[in-house]
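This report refers to the structure that appears directly beneath it.
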Amino acid sequence: MAEPQITTWQDGRVAERGPIARPWSFVVALLGIVMLADLALGWLAGRGGLDRGFEPHDAAGLRRILADAADDPESPYLLVGDSVLAGDVMRGKIDGWEHRRVIDAMREATHPDSPARFHQVALDALLPIDVLHVIQELDAIDPGARVPVVVELNPRYFSRSYADLRTCTRPWLCDVGPTLVNNSGTTRWASLRRWLVGVGLGGVAEHVPLLRHRTWLHGDALQRAIAALVPAPPAEAPDALAARARHLAHYQELDLGADSRQIQALSQLVARLRATGRRAVFFTTPLEDGFVAEAMTEAEYGHYTARMSELVDLSTAPRVELVHLDHAIFAAPLFLDHCHLGPEGNRRLAVNLLVELGVGLAQVPDDDALARPSGPDRTLVGRPDRGFTDGAAWQARFDHPRGLAVAPGGRRIVVADTQNHVLRELSGNLDTVRTLAGQAQTSGALDGPRADARLDHPTHPVILGSTVYFADQQGKQLRKVAGRNVLTVKMQGRVPWSRIAGMQADGDGLLVLDAGRRILRVDPATGRARVVVDVAAEHHIKAFTGAGDGRVFFADQDNRIWIARLDRPRAHLGPAPTELELEFPNTGADVVPQVKGLYFPLNYRRIRFANVVGMVWVERYGTLLVQDDVPVTRRIDGTSERIHLRMIDPRADLVYPWLKPLVHGGGYAYYNSQSRSFSSYFHVGTMALDQETATLFWLELNRSRLFSATSATCPPTASAICSGRGRPPACSSASTRSASSIAGSSATRSRAPTKAWSSARRCSRSPT
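Counting in this note's numbering, the final residue of the sequence shown is number 807, and the numbers go up one at a time with none missing.
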């Protein structure tokens with residue numbers, strides 16, 4: 040068939056112009072142009088150093104990053120945050136900044152054999168309301184909650200400027216992770232249709248030339264790629280003072296109330312993570328110290344830290360935790376500005392995040408580069424001064440606290456901050472101190488909501504289930520924190536005590552020491568009490584503890600240790616004791632015997648106690664831990680390292696030291712030449728024990744210091760525990776002789792250890 044001709048009228052006559060070109064030839068040419076442009080954009084993106092998913096700029100791009108994480112066959116983690124993780128503040132300041140972000144440092148510091156893989160959604164000014172939508176979308180893509188998330192937290196998020204913000208910072212962020220079901224359980228069909236359409240169109244666009252590059256074809260991303268080819272002219276230096284003033288405005292007045300939209304979004308986010316079981320680590324970003332000093336007071340910053348802990352770090356949600364990384368290890372030279380780090384700071388932040396996630400490292404980091412150094416012992420609060428401040432370990436302060444309680448499992452601690460007239464609490468990973476009940480430095484006797492209640496010199500807290508009991512009003516009242524309220528426990532008839540001098544849990548009841556004269560068994564549910572032990576006028580009870588099996592141990596004025604039993608009639612200590620067994624006679628010659636060749640463990644007759652001020656039963660080992668306050672020969676102001684811990688094994692009549700030995704050999708005592716006495720590593724204070732892990736918690740009286748320490752001694756009679764099934768991690772198999780000699784030749788003669796504390800706003804975490 041002849042090709043059709045084109046007939047036209049030219050110069051007054053008909054002209055034939057050859058065959059008509061087929062339309063498909065134009066289509067092919069157009070497709071060729073599109074493909075060439077697509078290849079050029081791909082090459083340009085590569086020259087710009089941008090990896091796939093560098094920054095999402097629309098809903099489809101975000102879904103692609105989340106899908107990459109969910110489909111990762113290894114062990115994926117998703118980082119979610121704003122400019123600190125994005126790292127783009129380094130642009131123009133650091134060459135190759137695209138490869139020196141936090142996520143890049145995490146990849147580099149991870150051990151080559153580790154299966155951990157890292158993905159990231161990081162956008163400038165990302166707020167909690169945005170993060171909530173990101174996690175909701177992740178739940179839709181990863182319904183099995185396989186991908187853990189790491190979420191950045193910055194005080195700026197809770198600026199008053201954002202408190203009423205009901206929409207996302209970018210409209211397309213609110214298009215992802217929509218709420219598809221109402222509170223009533225009905226489906227929101229309009230939201231479901233929009234979400235399905237968005238997912239469908241986004242999936243198609245991922246395979247369409249040119250459109251597949253749209254995630255970086257935006258101003259900043261395109262400029263970075265072009266700058267890789269054509270250097271841009273130098274820009275005018277920004278006004279640093281003006282920028283700092285703008286940043287300060289966001290930090291100076293934070294809205295942390297329940298009405299803040301960002302607080303609500305964070306609460307919803309945590310609730311969602313708890314409901315799905317997805318592991319999440321929130322971390323507070325490091326801030327430059329000078330900037331923080333300008334932006335807020337120490338108390339204000341501590342309140343922000345405590346508020347974040349209250350919302351995130353719950354003891355009931357171990358898979359959701361808060362880690363404070365605004366630590367003194369991030370010194371001023373590591374910062375580019377108030378919160379953005381340079382490459383070395385990013386590397387340090389990355390290593391700390393890897394440690395918190397439990398990801399294997401290519402190299403073992405130095406302890407001075409870690410916010411929480413590894414090891415069995417840990418400083419939970421470390422300040423040399425006293426006062427009142429909520430916050431992280433290096434922020435919090437107490438004032439002569441007298442009482443410490445730990446819940447089973449060690450994920451909740453309550454402190455009686457006596458001189459501040461409040462109860463304080465640490466929960467979850469124990470990174471933060473916050474006020475549980477009362478108003479700081481304001482005494483009173485008012486029941487009611489925890490924040491409005493008034494306490495008066497609270498002491499001796501005890502945790503029973505979710506309720507905290509404590510002595511108050513100088514020991515005259517028994518009160519409790521139940522739910523969100525503080526209540527006074529009503530006793531049947533006349534109050535059975537004159538002054539509560541000590542209190543411990545006993546099943547669902549309480550053992551109460553009444554002014555050193557009696558031990559009572561109190562049922563707080565009924566308000567009834569009965570006397571377990573009383574003493575004659577010339578006797579006095581100094582310390583006591585229950586063993587959980589009906590035995591009650593107590594020390595008298597001569598530091599002898601007796602046993603009474605709850606299932607027997609009232610015991611009496613006097614010239615002729617009744618219903619009592621003498622466990623430890625305290626007839627030894629010395630507190631720290633100096634006899635050549637004499638080593639721990641020691642028979643009862645070889646050692647004595649000077650002043651028993653506390654004791655606790657250690658269920659795991661079947662032993663009694665005794666706190667002995669040994670007076671110094673020469674008194675020196677400030678010397679308080681007098682507490683010697685001894686563990687009594689009633690089955691073998693032997694006494695062990697509690698702590699593991701130190702390298703220099705002075706594991707149990709050292710000689711302080713200034714005080715001319717054997718001192719210990721424990722300052723005067725209060726102790727509590729987590730029975731599940733046999734971890735000791737110690738609260739110092741004269742400094743704001745709280746730490747935990749694992750034991751490393753196991754009596755031979757506990758060999759089934761130490762060498763067989765269920766061996767505790769703290770148990771050491773080292774020989775007793777090699778542990779530490781208490782003979783004079785092995786005691787370390789030195790001056791009292793120097794306390795090195797930082798003079799900055801946060802003090803050193805050195806365990807001095």
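Backbone N, C-alpha and C fix where the C-beta goes; we use that ideal spot for every residue, glycine too. Values in this document were obtained by computation on a predicted structure and should not be read as measured data.
Length of the line joining the Cα atoms of residue i and residue j
{"i": "Glu-327", "j": "Leu-605", "result": "57 Å"}
{"i": "Val-630", "j": "Thr-471", "result": "38 Å"}
{"i": "Ala-610", "j": "Phe-593", "result": "12 Å"}
{"i": "Ser-198", "j": "His-379", "result": "18 Å"}
{"i": "Ala-410", "j": "Arg-450", "result": "19 Å"}
{"i": "Glu-292", "j": "Phe-583", "result": "49 Å"}
{"i": "Pro-210", "j": "Ala-98", "result": "9 Å"}
{"i": "Ser-718", "j": "Asn-468", "result": "31 Å"}
{"i": "Asn-642", "j": "Leu-684", "result": "16 Å"}
{"i": "Gly-783", "j": "Glu-680", "result": "Note that Gly-783 has pLDDT 30, beneath the 50 cutoff, so the model's placement of it is unreliable and the number below is only indicative. Taking the straight line joining both Cα atoms gives about 19 Å."}
{"i": "Ala-603", "j": "Lys-581", "result": "15 Å"}
{"i": "Arg-715", "j": "Phe-648", "result": "18 Å"}
{"i": "Ala-310", "j": "Arg-285", "result": "33 Å"}
{"i": "Asn-625", "j": "Asp-692", "result": "12 Å"}
{"i": "Met-347", "j": "Ala-435", "result": "14 Å"}
{"i": "Asp-597", "j": "Val-655", "result": "19 Å"}
{"i": "Gly-87", "j": "Glu-94", "result": "With a pLDDT of 47 at Gly-87, under the threshold of 50, the modelled position of this residue cannot be trusted, and the question is left open."}
{"i": "Leu-619", "j": "Thr-565", "result": "28 Å"}
Within 9 Å, strictly: CB atoms of residue i and residue j
{"i": "Ala-572", "j": "Leu-517", "result": "In the sequence as presented, Ala is not what sits at residue 572; that position holds Val. No, the Cβ-Cβ distance between Val-572 and Leu-517 is not below 9 Å."}
{"i": "Pro-563", "j": "Gly-548", "result": "yes"}
{"i": "Ala-748", "j": "Val-445", "result": "no"}
{"i": "Val-188", "j": "Leu-361", "result": "no"}
{"i": "Gly-477", "j": "Arg-489", "result": "yes"}
{"i": "Ala-735", "j": "Gly-724", "result": "A small correction: the amino acid at residue 735 is Leu; Ala does not occupy that position in the sequence shown. Result no, Cβ atoms of Leu-735 and Gly-724 do not sit closer than 9 Å."}
{"i": "Ile-502", "j": "Ala-540", "result": "no"}
{"i": "Tyr-695", "j": "Ile-682", "result": "no"}
{"i": "Leu-204", "j": "Leu-166", "result": "yes"}
{"i": "Thr-527", "j": "Ala-345", "result": "no"}
Residue i - DSSP class collapsed to helix/strand/coil
{"i": "Ala-476", "result": "strand"}
{"i": "Pro-809", "result": "The structure shown does not extend to residue 809, since the chain spans only 40 to 807, so no value can be given for it."}
{"i": "Gln-159", "result": "strand"}
{"i": "His-379", "result": "coil"}
{"i": "Glu-333", "result": "helix"}
{"i": "Gly-504", "result": "coil"}
{"i": "Asn-711", "result": "strand"}
{"i": "Ser-306", "result": "helix"}
{"i": "Ser-822", "result": "Because the chain spans 40 through 807 in this model, residue 822 falls outside it and cannot be assessed."}
{"i": "Arg-604", "result": "strand"}
{"i": "Phe-437", "result": "coil"}
{"i": "Ser-466", "result": "strand"}
{"i": "Ala-444", "result": "strand"}
{"i": "Trp-136", "result": "helix"}
{"i": "Thr-315", "result": "helix"}
{"i": "Leu-295", "result": "coil"}
Of the listed residues the options, nearest to residue i (C-alpha basis)
{"i": "Val-525", "options": "Ile-72, Leu-364 and Ala-484", "result": "Ala-484"}
{"i": "Leu-177", "options": "Ala-297, His-138, Tyr-340 and Arg-318", "result": "Arg-318"}
{"i": "Asn-650", "options": "Val-665, Val-331 and Leu-124", "result": "Val-665"}
{"i": "Gln-402", "options": "Val-390, Pro-412 and Ser-413", "result": "Val-390"}
{"i": "Leu-124", "options": "Asp-406, Val-190 and Gly-514", "result": "Val-190"}
{"i": "Pro-614", "options": "Ala-575, Ser-716, Leu-621 and Phe-623", "result": "Ala-575"}
{"i": "Arg-690", "options": "Gly-661, Glu-618 and Glu-360", "result": "Gly-661"}
{"i": "Val-453", "options": "Phe-648, Phe-509 and Ala-288", "result": "Phe-509"}
{"i": "Leu-745", "options": "Leu-165, Asp-214 and Leu-419", "result": "Leu-419"}
{"i": "Ile-174", "options": "Val-141, Ala-281 and Gly-316", "result": "Gly-316"}
{"i": "Ile-104", "options": "Asp-214, Ala-492 and Ile-180", "result": "Ile-180"}
{"i": "Asp-486", "options": "Arg-560, Gln-512 and Ala-281", "result": "Gln-512"}
Burial state of residue i (16 or more Cβ within 10 Å)
{"i": "Glu-383", "result": "exposed"}
{"i": "Glu-577", "result": "exposed"}
{"i": "Ala-108", "result": "buried"}
{"i": "Arg-387", "result": "buried"}
{"i": "Gly-442", "result": "buried"}
{"i": "Gly-399", "result": "exposed"}
{"i": "Ser-122", "result": "buried"}
{"i": "His-150", "result": "exposed"}
{"i": "Ile-72", "result": "exposed"}
{"i": "Val-186", "result": "buried"}
Closer than 9 Å to chain D by CB, residue i
{"i": "Val-694", "result": "Absent from the structure: chain D. Only one protein chain is present."}
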